[in-house]
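Enquirer: One structure coming up, written as structure tokens, with questions to follow.
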Amino acid sequence: MLFFSKFLALPCYPTGLAVLCIAAGVALLFLRKQKLGRILVLCAGIELYLFSSDPLSYLLVRSLEKRYDPSSSFPEASAIVLLSGGEVPKKPPRLYDEINDAGDRILYAARLLKQGAAPRLIITGGSVPCLRYTVKSQAETAFRIIADMGMADTTRILLETKSQNTYENGTYTKAMLDSLKLPPAIILVTSAMHMPRSAAIFKKLGCTVYPAPTDYRADAPYEWKILYLFPNADALYNSTCALHEIYGIIAYKLLGRL
Numbered sequence: 005m006l007f008f009s010k011f012l013a014l015p016c017y018p019t020g021l022a023v024l025c026i027a028a029g030v031a032l033l034f035l036r037k038q039k040l041g042r043i044l045v046l047c048a049g050i051e052l053y054l055f056s057s058d059p060l061s062y063l064l065v066r067s068l069e070k071r072y073d074p075s076s077s078f079p080e081a082s083a084i085v086l087l088s089g090g091e092v093p094k095k096p097p098r099l100y101d102e103i104n105d106a107g108d109r110i111l112y113a114a115r116l117l118k119q120g121a122a123p124r125l126i127i128t129g130g131s132v133p134c135l136r137y138t139v140k141s142q143a144e145t146a147f148r149i150i151a152d153m154g155m156a157d158t159t160r161i162l163l164e165t166k167s168q169n170t171y172e173n174g175t176y177t178k179a180m181l182d183s184l185k186l187p188p189a190i191i192l193v194t195s196a197m198h199m200p201r202s203a204a205i206f207k208k209l210g211c212t213v214y215p216a217p218t219d220y221r222a223d224a225p226y227e228w229k230i231l232y233l234f235p236n237a238d239a240l241y242n243s244t245c246a247l248h249e250i251y252g253i254i255a256y257k258l259l260g261r262l
């Protein structure tokens, strides 16, 4: 079920949709339906160009990131909650655990804990074997990064190691707060693009959420450059990530999780 839910939307992402259009177009060409086949192949090229262009990528990303502004101070909370996903476990040839392009969330959560924004940090995230290599859990890898770098007092860090998606991050974390008899008021740390869906889930579960977004990908205001007319891989990647969040919001609303 996890594998199915993770990969259900793949054909709706830019590259997946382009592959489908090209495959269908080529099949129609072989069936001598030349006009329709050419139209589908042309549509695939246009679609890839648009999602690989910086202007459209910026609009998609910014539509999510602008919903929550960063803050330098927060009301009293029971815990900082870090959603894992910014870590890369030590696997050859790596000598140490590393961070990926979402690793800012780990650094930001450690900084908030060190500054005393809340008395404890909960790192939530289990093992998702179908998506990535993990020795134990994502939460444990993030914990090791913080501990190895000496970024915060590790005695104040709790780990939730069972969750396999954002919704389970919320349910298991809420259960942990309840078991500790702590008010469900949290400072939620995750990437700015991921924050709208994450915050909505935790609120639906009864938490008071103080968003602490980081890892911004779209600058504001937008600075236009002529090179942005050319397609590039970064824009395509950001478009895909934004669509992943948009599809996730739609799916969770249909499932009643938001």
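Here the sequence shown is numbered in our numbering, starting from 5 and rising by one per residue. Even glycine gets a Cβ: it sits at the ideal position worked out from N, Cα and C. These figures come from a predicted structure and were not determined experimentally.
1) Look at the alpha carbon of valine 65 and the alpha carbon of alanine 216, and state the distance between them as a whole number of angstroms.
2) DSSP puts valine 85 in a beta bridge; with which residues?
3) Can you give the Cα-Cα distance for alanine 122 and alanine 106, rounded to whole angstroms?
4) Label methionine 199 either buried or exposed according to how many other C-beta atoms from any shown protein chain fall within 10 Å of its C-beta, with 16 as the threshold for buried.
5) Straight-line CA distance for alanine 143 to tryptophan 228?
6) Pick from Leu52, Leu46, Thr158 and Val132: whose alpha carbon is nearest that of asparagine 169?
7) Out of Ala239, Leu262 and Glu249, state which residue places its alpha-carbon closest to the alpha-carbon of leucine 54.
8) Buried or exposed for threonine 145, going by 16 or more other Cβ atoms inside 10 Å?
9) Using beta-carbon positions only, say whether valine 213 and arginine 109 come within less than 8 Å of one another.
10) In the DSSP output, what is tyrosine 214 paired with across the bridge?
11) On the DSSP letters alone, give me the boundaries of the alpha helix (DSSP H) that glutamate 144 sits inside.
12) Could you round the C-beta distance between threonine 218 and threonine 177 to whole angstroms and report it? I think they count as a contact, below 8 Å.
13) Here's a check: name, in chain order, each residue in its chain whose Cβ is nearer than 7 Å to the Cβ of cysteine 245, leaving out the five neighbours to either side.
14) The alpha helix (DSSP H) spanning glutamate 249 covers which residue range?
15) For leucine 17, which residues of its own chain have a beta-carbon under 8 Å away from its beta-carbon, when the five flanking residues on both sides are left out?
16) Is the separation between the beta-carbon of alanine 204 and that of leucine 262 shorter than 8 Å?
17) Look at isoleucine 191 and leucine 111 and say whether their C-beta atoms are less than 8 Å apart.
18) Name the DSSP bridge partner or partners of glutamate 51?
19) Below 8 Å on the Cβ atoms is my contact criterion, and I expect tyrosine 220 with aspartate 58 to pass it. Report the Cβ-Cβ distance as a whole number of Å.
20) If we call anything under 8 Å between Cβ atoms a contact, is valine 85 one with asparagine 104?
21) Do we get a CB-CB distance below 8 Å when we pair threonine 194 with the residues of chain C?
22) Which word fits phenylalanine 234, buried or exposed, when buried means at least 16 other C-beta atoms lie within 10 angstroms of its C-beta?
23) Take alanine 114 and list the residues in its own chain whose beta-carbon comes closer than 7 Å to its own, dropping the five residues that flank it on each side.
24) Whose C-beta lies closer than 7 Å to the C-beta of leucine 40 among residues of the same chain, with five residues either side of it excluded?
Expert: For this structure:
1) Locating residue 65 in the sequence shown gives position 61, where the first residue counts as 1. Locating residue 216 in the sequence shown gives position 212, where the first residue counts as 1. Distance between the alpha carbons of valine 65 and alanine 216 is about 17 Å.
2) Here residue 85 refers to the residue found at position 81 of the sequence shown. Partner(s): Ile126 and Leu192.
3) Within the sequence shown, the letter at position 118 stands for residue 122. Within the sequence shown, the letter at position 102 stands for residue 106. Going from the Cα of alanine 122 to the Cα of alanine 106 covers about 22 Å.
4) Here residue 199 is taken as the residue at index 195 of the sequence shown, counted from 1. Methionine 199 should be labelled buried.
5) On the sequence shown, residue 143 is found 139 positions in, with the first residue counted as 1. On the sequence shown, residue 228 is found 224 positions in, with the first residue counted as 1. Cα to Cα, alanine 143 sits roughly 39 Å from tryptophan 228.
6) For this step, residue 169 is matched to residue 165 along the sequence shown. The shortest Cα separation from asparagine 169 among Leu52, Leu46, Thr158 and Val132 belongs to Val132.
7) For this step, residue 54 is matched to residue 50 along the sequence shown. Taking only the C-alpha atoms, the option nearest leucine 54 is Ala239.
8) The residue you call residue 145 lines up with position 141 of the sequence shown. Flag for threonine 145 reads buried.
9) On the sequence shown, residue 213 is found 209 positions in, with the first residue counted as 1. On the sequence shown, residue 109 is found 105 positions in, with the first residue counted as 1. No, the Cβ-Cβ distance between valine 213 and arginine 109 is not below 8 Å.
10) Counting from one through the sequence shown, the residue named residue 214 turns up at place 210. Ile191.
11) Taking the sequence shown and counting its residues from 1, the one referred to as residue 144 is at position 140. Glutamate 144 -> alpha helix (DSSP H) spans 142–153.
12) Taking the sequence shown and counting its residues from 1, the one referred to as residue 218 is at position 214. Taking the sequence shown and counting its residues from 1, the one referred to as residue 177 is at position 173. The pair is not a contact, with the Cβ atoms about 18 Å apart (cut-off 8 Å).
13) The residue given as residue 245 occupies position 241 in the sequence shown. So the list reads Met197, once near-sequence residues are dropped.
14) Position 245 of the sequence shown holds residue 249. Glutamate 249 -> alpha helix (DSSP H) spans 237–258.
15) As a working mapping, residue 17 is identified with position 13 in the sequence shown. The sequence shown places tyrosine at residue 17, rather than the leucine named in the question. For tyrosine 17, where only same-chain residues beyond five positions count, the Cβ hits under 8 Å are Thr244, Leu247 and His248.
16) Indexing the sequence shown from 1 puts residue 204 at position 200. Indexing the sequence shown from 1 puts residue 262 at position 258. Yes, Cβ-Cβ distance for alanine 204 and leucine 262 is below 8 Å.
17) Within the sequence shown, the letter at position 187 stands for residue 191. Within the sequence shown, the letter at position 107 stands for residue 111. Contact: no.
18) As a first step, residue 51 must be located in the sequence shown, where it is residue number 47. For glutamate 51, which the question treats as bridged, DSSP gives no partner whatsoever.
19) The residue given as residue 220 occupies position 216 in the sequence shown. The residue given as residue 58 occupies position 54 in the sequence shown. No, tyrosine 220 and aspartate 58 are not in contact; Cβ-Cβ is about 15 Å, not under 8 Å.
20) Numbered from 1 along the sequence shown, position 81 holds the residue referred to as residue 85. Numbered from 1 along the sequence shown, position 100 holds the residue referred to as residue 104. Not closer than 8 Å, so no.
21) As a matter of chain content, chain C is missing from the structure shown, which is built from one protein chain.
22) Translated into the one-based positions of the sequence shown, residue 234 becomes position 230. Exposed, by the Cβ-count rule.
23) Within the sequence shown, residue 114 is the residue found at index 110, counting from 1. Only Ile150, Met155 and Ala156 meet the Cβ criterion.
24) As a first step, residue 40 is located in the sequence shown; it is residue number 36 there, counting from the start. Excluding residues within five positions, the ones whose Cβ falls inside 7 Å are Leu32.
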